[in-house]
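Trainee: I have a structure I would like to understand better, so I am pasting it below and will then ask my questions one at a time.
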Amino acid sequence: MALKSSTLKETNKYELEIVVDAETFEKSVQKSYKKNIGSVTIPGFRKGKAPRHMVEKLYGKDVFYPDAIEDCYPAALEAAAKEAGLKIVGVEAVEEVSAEGDFVFKAVIIVEPEVKVEGYKEIEVKTKAVRVTEKMITEEIDKVRDRNSRMITVEDRAAQDGDTAVIDFEGFLNDVPFEGGKAENYNLALGSGSFIPGFEEQIIGHKAGEEFTITVTFPEDYQAEELKGQETQFKINLHEIKTKELPELDDEFVKDISDKETVDEYKKEVKETLTKRLKEEKEADIDRQISDKLIELLEGEIPEAMYDNEVNSMIRDFDARLRSQGMDMATYMGYMGMDVEGLKNMYRKEAENRVKLRLALKAVAKAENISVTDEEVEAEFARLAEMYGVELDRVKMLVDAEDQRDDIAVQRAMEIVKKATA
12 MALKSSTLKE
22 TNKYELEIVV
32 DAETFEKSVQ
42 KSYKKNIGSV
52 TIPGFRKGKA
62 PRHMVEKLYG
72 KDVFYPDAIE
82 DCYPAALEAA
92 AKEAGLKIVG
102 VEAVEEVSAE
112 GDFVFKAVII
122 VEPEVKVEGY
132 KEIEVKTKAV
142 RVTEKMITEE
152 IDKVRDRNSR
162 MITVEDRAAQ
172 DGDTAVIDFE
182 GFLNDVPFEG
192 GKAENYNLAL
202 GSGSFIPGFE
212 EQIIGHKAGE
222 EFTITVTFPE
232 DYQAEELKGQ
242 ETQFKINLHE
252 IKTKELPELD
262 DEFVKDISDK
272 ETVDEYKKEV
282 KETLTKRLKE
292 EKEADIDRQI
302 SDKLIELLEG
312 EIPEAMYDNE
322 VNSMIRDFDA
332 RLRSQGMDMA
342 TYMGYMGMDV
352 EGLKNMYRKE
362 AENRVKLRLA
372 LKAVAKAENI
382 SVTDEEVEAE
392 FARLAEMYGV
402 ELDRVKMLVD
412 AEDQRDDIAV
422 QRAMEIVKKA
432 TA
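Structure, rendered in structure tokens:
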């Protein structure tokens, strides 16, 4: 392979003229012959057994060229772009120039843009305080108590907000029952807002065993056309009132739900957990602020192909997650009432931010003269292999070394920017 010329056509777009030597092209032509000969029939030869020169004599010397070109041009194009110091993000066109001996072709490529980020060391961030209060500890423990609570029947008082009422109900519009307005032994959490406004509130204050009628007005935007904005009556039979009983916070409870022996030990552990969580949230918030500012500071014309590539990558990742859960993309889109364009639009904004942030950090890495050694790339490959429990060679096959080098560089660039904000 040889790069014959590289011409800038417009911003982020180059035309490369590339020569694939005759020997390499001949190997691709021979591969094409072996791939296609099985479907070729020539009188005097069994199907798939005609020699190449006979096929070329009958159908033309270039009969195997299309597949041969498809076979050899990608590697040649990649090598030529590397020689020209360009990173391809999209291929717009490939055109054959000549296939007499050497194979010569032209390719119009879209390349990663030259961008700059100024003022990245002057970014200001607002930091959150990492302070765990007694109230926060109590609230966290109450969540655990709530998860370990039990429902008990209330017999000595009326229903209150937060109780669960077990009811029969039937709805009437102009004294006529309406469809979907009836249920028996329904467990309604009072205060949950799961029923139309005014329904749950009118259960409060009544006792178990009471039968009564309430009046509610359906919202104007209710899904059932005949009930929109209509005043209706519901006959209620309140069978039972249940309330949530939380376990006592004592040493026995602590032993049941943790490896601690006392309430004080458990509270200390909860405080440590909350402190760690707040620190992680603080760091994540700082990263978000820095990322937003770097995107804002980025200067350069970014080709649409980069956004499209990122969107497609995100969709492939999402598809893989769906398949791991036993669902495919077509089924998901059917459930969501969404087409492919809708799915792409859903990811578009996040894809744009990812592309811009990575370009900004690569610009910082370049400005800071960050270099990544082969040994560091190898070490990262080894770390990934251990993390995912796969063979090292498998990782190297799946992850491009240059992309891995870029990943390490942008991570270091982020550390530099973050350190400057401290």
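So that you can map any letter, position 310 of the sequence shown is 321 in the working numbering, and since no number is skipped, the others follow by simple counting.
Where a beta carbon is used, it is the ideal one built from N, C-alpha and C, also for glycine.
All values derive from a computational prediction rather than experimental measurement.
1) Just the C-alpha distance for residue 160 and residue 285, rounded to the nearest angstrom, thanks.
2) Check this for me: beta carbons of residue 292 and residue 139, under 9 Å apart or not?
3) Locate the beta strand (DSSP E) running through residue 115, then write down its first and last residues.
4) With contact counted as at least three CB pairs below 8 Å, one residue from each stretch, are the segment 149–156 and the segment 238–247 in contact?
5) Are there 16 or more other CB atoms within 10 angstroms of the CB of residue 365, so buried, or fewer, so exposed?
6) How big is the Cα-Cα spacing for residue 92 and residue 38?
7) Could you pull the start and end residues of the beta strand (DSSP E) that residue 185 belongs to?
8) Examine the ligand PLP and report whether any of its heavy atoms sits within less than 8 Å of the Cβ of residue 366.
9) Helix, strand or coil for residue 144? Go by DSSP, reduced to three states.
10) Among 219, 180 and 309, which has the Cα closest to the Cα of residue 247?
11) How far does the alpha helix (DSSP H) with residue 332 in it reach, from first residue to last?
12) Pull up the DSSP beta-bridge partners for residue 384, would you.
13) Relative to the alpha-carbon of residue 433, which residue among 298, 384 and 323 has its alpha-carbon at the smallest distance?
14) Give me, in chain order, the residues of the same chain whose beta-carbon lies closer than 6 Å to that of residue 22; leave out the 5 immediate sequence neighbours on both sides.
15) Rounded C-beta distance between residue 230 and residue 207? I'm assuming under 8 Å.
16) Taking three-plus beta-carbon pairs below 8 Å as touching, is the segment 362–382 in contact with the segment 411–430?
17) For the 8 Å Cβ check, are there 3 or more pairs between the segment 411–418 and the segment 377–393?
Mentor: Reading off the structure:
1) Locating residue 160 in the sequence shown gives position 149, where the first residue counts as 1. Locating residue 285 in the sequence shown gives position 274, where the first residue counts as 1. Cα-Cα distance, rounded: 22 Å.
2) Here residue 292 refers to the residue found at position 281 of the sequence shown. Here residue 139 refers to the residue found at position 128 of the sequence shown. Against a cut-off of 9 Å, the Cβ pair of residue 139 and residue 292 comes out as a contact.
3) Reading the sequence shown from its first residue, position 104 is the one you call residue 115. Its beta strand (DSSP E) spans residues 114–122.
4) no
5) Position 354 of the sequence shown, counted from the start, is the residue given in the question as residue 365. It counts as buried.
6) Against the sequence shown, residue 92 aligns to sequence position 81. Against the sequence shown, residue 38 aligns to sequence position 27. Rounded to the nearest angstrom, the two C-alpha atoms are 22 Å apart.
7) Position 174 of the sequence shown, counted from the start, is the residue given in the question as residue 185. Counting along the chain, residue 185 falls outside any beta strand (DSSP E), and DSSP gives it neither H nor E.
8) Ligands displayed in this structure: none; no statement on the ligand PLP is therefore possible.
9) Reading the sequence shown from its first residue, position 133 is the one you call residue 144. Correct three-state label for residue 144: coil.
10) The sequence position of residue 247 within the sequence shown is 236, counting from 1. Among 219, 180 and 309, the Cα nearest to that of residue 247 is on 180.
11) By 1-based counting over the sequence shown, the position of residue 332 is 321. Unbroken alpha helix (DSSP H) run through residue 332: 315–335.
12) Reading the sequence shown from its first residue, position 373 is the one you call residue 384. Residue 384 is not bridged to any residue.
13) Start at 1 with the first residue of the sequence shown, and residue 433 comes out as number 422. Minimum Cα distance to residue 433 is reached at 298.
14) One-based indexing of the sequence shown puts residue 22 at position 11. Excluding positions up to five away in sequence, the list reads 312.
15) Counting from one through the sequence shown, the residue named residue 230 turns up at place 219. Counting from one through the sequence shown, the residue named residue 207 turns up at place 196. Contact flag correct, Cβ pair sits at about 7 Å.
16) yes
17) yes
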